[in-house]
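So that you can map any letter, position 105 of the sequence shown is 498 in the numbering used here, and since no number is skipped, the others follow by simple counting.
Every residue, glycine too, gets a C-beta built ideally from N, C-alpha and C.
Please read the structure below before turning to the comments.
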Amino acid sequence: MNKKQKTDLSYLLWTLLPLAVGGLSALLSMDGMRRNAMLPQPALQPPPWVFVTAWTILYLLMGLSAGLVWNAVPRGKKDALIPFYAQLALNFLWSPLFFALELRLAAFFVLLAILGLSVWMTVAFYRVRKSAGLLGIPYLVWLCFAGYLNLAAYLLNG
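The following block contains the structure:
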């Protein structure tokens with residue numbers, strides 16, 4: 394396998410990782426998602442297709458940015474990936490907490506941790522490769538919106 398093929402394969406794997414993590418988390422939370430849909434929803438709650446579309450795009454951007462960091466000159470790339478892994482692990486936990494276990498307040502605090510780790514990740518990625526950091530900005534914006542929805546759902550439904 395030549396260098397270009399290895400690079401292309403790494404981008405594919407980095408892109409598939411967040412998609413797989415998000416997909417598995419959603420699969421584990423499916424019943425809770427159906428129950429949640431029957432509860433009072435916060436103002437500004439988008440329809441379900443928006444979540445699927447947004448998360449797919451965000452996971453693709455997240456994977457692409459990690460791939461850009463991984464394939465950058467070695468300058469600090471291992472350290473830059475630490476917050477990527479940490480936020481991805483917490484991201485995996487959020488859906489089961491919120492939907493399956495209905496622990497909305499705990500999920501909100503996990504979301505705040507995800508947001509903090511994602512800020513760290515975005516800055517670390519930017520330092521390694523500017524384009525990788527910039528790709529994290531939509532995720533940060535979405536996490537802020539998700540935080541509003543999470544807290545509002547907790548206030549509405551406990």
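When the options are compared against residue i, the one with the closest alpha-carbon
i	options	result
Y532	F492, R520, M514	M514
N464	N550, Q434, W407	W407
L483	V414, Q398, L405	V414
G526	L496, P440, S458	S458
T446	G416, I530, L498	G416
Y351	F485, G460, M423	It is not possible to answer for residue 351, since the shown part of the chain is limited to 394 through 551.
V534	L405, L409, L402, W448	W448
P522	Y478, E495, L498, P467	As written in the sequence, residue 522 is Arg, which differs from the Pro given in the question. Cα-wise, what sits closest to R522 is P467.
R427	L410, E495, I530	E495
CB contact flag (residue i, residue j, <9 Å)
i	j	result
L490	S511	no
L549	P433	yes
V500	Y547	In the sequence as presented, Val is not what sits at residue 500; that position holds Ala. Going by C-beta atoms, A500 is nearer than 9 Å to Y547.
Q398	L542	no
L528	L454	yes
A430	A545	no
I450	Q480	no
F502	S418	no
L552	G456	Residue 552 is absent from the structure shown; the chain starts at 394 and stops at 551.
Other residues of its chain near residue i: CB distance less than 8 Å, five sequence neighbours each side excluded
i	result
F476	Reading off the sequence shown, one finds Pro at residue 476, where the question assumed Phe. The residues are L510, S511, W513, M514, A517.
L421	S488, P489, A493
G551	R497
K470	V462, W463, V521
M394	L402
Other residues of its chain near residue i: CB distance less than 6 Å, five sequence neighbours each side excluded
i	result
G540	L504
G425	F492, A493
7 Å Cβ shell around residue i - same chain, five flanking residues per side excluded
i	result
L524	Here residue 524 turns out to be Ser, not Leu, going by the sequence shown. Closer than 7 Å at the Cβ level, and outside the excluded window around S524, lie L461.
S403	G460, W463, N464
M423	none
L410	G456
P441	none
Residue i Cβ short of 8 Å to the ligand PLP heavy atom set
i	result
G529	No copy of the ligand PLP occurs in the structure displayed, which carries no ligand at all.
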